[in-house]
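Student: The structure that follows is given in the form of structure tokens.
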Amino acid sequence: MKILYFAWLRERLNRGEETIDPPADIATVSDLMDWLAASDEGIDLVFENRDLIRVAVDDELVEHDETIAGAETVAFFPPMTGG
Amino acid sequence: MKILYFAWLRERLNRGEETIDPPADIATVSDLMDWLAASDEGIDLVFENRDLIRVAVDDELVEHDETIAGAETVAFFPPMTGG
Amino acid sequence: MLTVRLQAEIFDAGTETNTFLRDCGGAGAAVTFTGLVRSLPGQAIEALELEHYPAMAQKALTALGEKAMDRFGLMRLTIIHRFGRLLPEEPIVQVMALSAHRQAAFDGANFVMDVLKTDAPFWKKETAGGKEDWVGAKSEDDFARDRWQK
Amino acid sequence: MLTVRLQAEIFDAGTETNTFLRDCGGAGAAVTFTGLVRSLPGQAIEALELEHYPAMAQKALTALGEKAMDRFGLMRLTIIHRFGRLLPEEPIVQVMALSAHRQAAFDGANFVMDVLKTDAPFWKKETAGGKEDWVGAKSEDDFARDRWQK
Numbered sequence: 001m002k003i004l005y006f007a008w009l010r011e012r013l014n015r016g017e018e019t020i021d022p023p024a025d026i027a028t029v030s031d032l033m034d035w036l037a038a039s040d041e042g043i044d045l046v047f048e049n050r051d052l053i054r055v056a057v058d059d060e061l062v063e064h065d066e067t068i069a070g071a072e073t074v075a076f077f078p079p080m081t082g083g
Numbered sequence: 084m085k086i087l088y089f090a091w092l093r094e095r096l097n098r099g100e101e102t103i104d105p106p107a108d109i110a111t112v113s114d115l116m117d118w119l120a121a122s123d124e125g126i127d128l129v130f131e132n133r134d135l136i137r138v139a140v141d142d143e144l145v146e147h148d149e150t151i152a153g154a155e156t157v158a159f160f161p162p163m164t165g166g
Numbered sequence: 167m168l169t170v171r172l173q174a175e176i177f178d179a180g181t182e183t184n185t186f187l188r189d190c191g192g193a194g195a196a197v198t199f200t201g202l203v204r205s206l207p208g209q210a211i212e213a214l215e216l217e218h219y220p221a222m223a224q225k226a227l228t229a230l231g232e233k234a235m236d237r238f239g240l241m242r243l244t245i246i247h248r249f250g251r252l253l254p255e256e257p258i259v260q261v262m263a264l265s266a267h268r269q270a271a272f273d274g275a276n277f278v279m280d281v282l283k284t285d286a287p288f289w290k291k292e293t294a295g296g297k298e299d300w301v302g303a304k305s306e307d308d309f310a311r312d313r314w315q316k
Numbered sequence: 317m318l319t320v321r322l323q324a325e326i327f328d329a330g331t332e333t334n335t336f337l338r339d340c341g342g343a344g345a346a347v348t349f350t351g352l353v354r355s356l357p358g359q360a361i362e363a364l365e366l367e368h369y370p371a372m373a374q375k376a377l378t379a380l381g382e383k384a385m386d387r388f389g390l391m392r393l394t395i396i397h398r399f400g401r402l403l404p405e406e407p408i409v410q411v412m413a414l415s416a417h418r419q420a421a422f423d424g425a426n427f428v429m430d431v432l433k434t435d436a437p438f439w440k441k442e443t444a445g446g447k448e449d450w451v452g453a454k455s456e457d458d459f460a461r462d463r464w465q466k
């Protein structure tokens, strides 16, 4: 599974992309965030205020309770500020 | 006093402009319309439905009860359809 | 800065937009409304004749422009309106509003168009199927104007 | 017809408007929104860096464009959004909506901008006084988007 980070998450983690292989019991975005935070202190820090983290699964914006079953890409980023 | 007619009023009357000299007791737009209609059958006809006639006194849109004291120009026209 | 232009000549929508945007003072948003001579399938027309009352049109659009700039805090506003004979797909009117943030530019241009439709002295006569007809005022235009009253 | 373009290159606002208006099918109204790099007195910036998530941006703007065309009955809609390094007064985004009547064009362009602001994956970093800062999301943008919910 490919993980993407954008904007200040990418800057603080010093990487925009990584490939991971989460265990089978990681079912939702929220589970994945817990698992990533537990495995990496930097991620734990950028995920500190969960409400501010937006998530896209396979390029679609989703809520944190969404399933990640079969997902190829999960992206994490702050609220968007385009336009 | 100069009277102007626009759009279908102008076309039906076959003139866009005329100069008149109303008597002193013609105080409002409404008085002027009565006086013009009484003096000219064509005007009487185009003023038939008074609610549809818009009026400008010296280039300012006004209601029919507005005074015409001191007015140099009074214009009559249908509802506007620009833009 | 307010600009009001009444003209018989055709204008180029994009060129006007670029002139309007030049030296934009660091503004964040511009909205351009372009009104075109409508000629849709089933309602096709051959030509449009726009009659206007020149002195009052200049005065009314200037007053409207000043009101819009003040009410929406616009940085710049331009109103261009044509008169005379126009052909399908030609531009009739262009309203451009510049502001710090987007909603003021949208509302400023929308307000100007809604009030202009009912309060600026222009009258349209369409030629369709060889027949000329004065375009009737639409009550929905009165509603559109009235929603800005406060 | 919907067009969505993401590009690093600068674009010319007026040229894009003219391309958009060509062969307009007898439509009566076009609204162009141009978002510019804001740099106002007292809030001046040196540059803006726009980061984006390419695959999702293309997908999100296409879905948004289709929704807008359908909801407002637009005849044509174009969304252009830049990414990369931008300078003050440069255009960032342009949304152009074509429709039979004016309100649909205004609402279509306004809707696209309001939803784009909060739901399309772009992030702005400003350089001001030599310091870089990520632009924070504004809650007013959430309100602007939410007013279109029905």
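Residue numbers (our numbering), protein chains in the order written: chain A, 1 to 83; chain B, 84 to 166; chain C, 167 to 316; chain D, 317 to 466.
Note that CB positions come from ideal geometry on N, CA and C, so glycine has one too.
#1: What residues in the segment 2–31 of chain A bring their beta carbon closer than 9 Å to a beta carbon of chain D?
#2: Using a threshold of 8 Å, state whether the C-beta atoms of Gly342/D and Leu206/C are closer than that.
#3: Assign Pro220/C to one of two classes, buried (16 or more other C-beta atoms within 10 Å of its C-beta) or exposed (fewer than that).
#4: For the segment 374–391 of chain D, enumerate the residues whose C-beta is nearer than 7 Å to any C-beta of chain C, in chain order.
#5: DSSP state of Val278/C, grouped into three classes?
#6: Could you list which residues in chain D have their beta carbon closer than 8 Å to that of Met80/A, in chain order?
#7: Alpha carbon to alpha carbon, what distance is there between Ala90/B and Ala223/C?
#8: Report the residues of the segment 331–358 of chain D with a CB closer than 7 Å to any CB of chain A, ordered along the chain.
#9: When you compare only the Cα positions, how much space is there between Leu240/C and Ala413/D?
#10: Interface residues of chain D around Met279/C at Cβ under 7 Å?
#11: Could you please give the first and the last residue of the uninterrupted alpha helix (DSSP H) stretch that includes Gly42/A?
#12: In whole angstroms, what is the alpha-carbon distance linking Arg95/B and Ala420/D?
#13: Identify whether Thr378/D lies in helix, strand or coil by the three-state DSSP scheme.
#14: Cα-Cα, which of Asp189/C, Val203/C, Arg171/C and Asp178/C is closest to Ile258/C?
#15: Answer yes or no: does any C-beta atom of chain B fall closer than 8 Å to that of Trp314/C?
#16: Evaluate Thr350/D with the Cβ neighbour count: other Cβ atoms within 10 Å of its Cβ, from every protein chain shown; 16 or more gives buried, anything less gives exposed.
#17: Could you list the residues in the segment 142–166 of chain B with a C-beta less than 9 Å from some C-beta on chain C, going in chain order?
#18: Mind checking the segment 246–275 of chain C against chain B and listing, in chain order, the residues whose C-beta falls within less than 8 Å of any C-beta there?
#19: Near Ile395/D, what residues of its chain come up, given a Cβ to Cβ distance below 6 Å and the 5 sequence neighbours on each side ignored?
Tutor: Inspection of the coordinates gives the following:
#1: Leu4, Phe6, Ala7, Trp8, Arg10 and Glu11
#2: yes
#3: exposed
#4: none
#5: helix
#6: Lys433, Thr434, Asp435, Ala436, Pro437, Phe438, Trp439 and Ala453
#7: 14 Å
#8: Gly351
#9: 22 Å
#10: Arg418
#11: Glu41 to Val46
#12: 36 Å
#13: helix
#14: Val203/C
#15: no
#16: buried
#17: Asp142, Glu143, Leu144, Thr156, Ala158, Phe160, Pro161, Pro162, Met163, Thr164, Gly165 and Gly166
#18: His247, Ile258 and Val259
#19: Val320, Leu377, Gly381 and Val411
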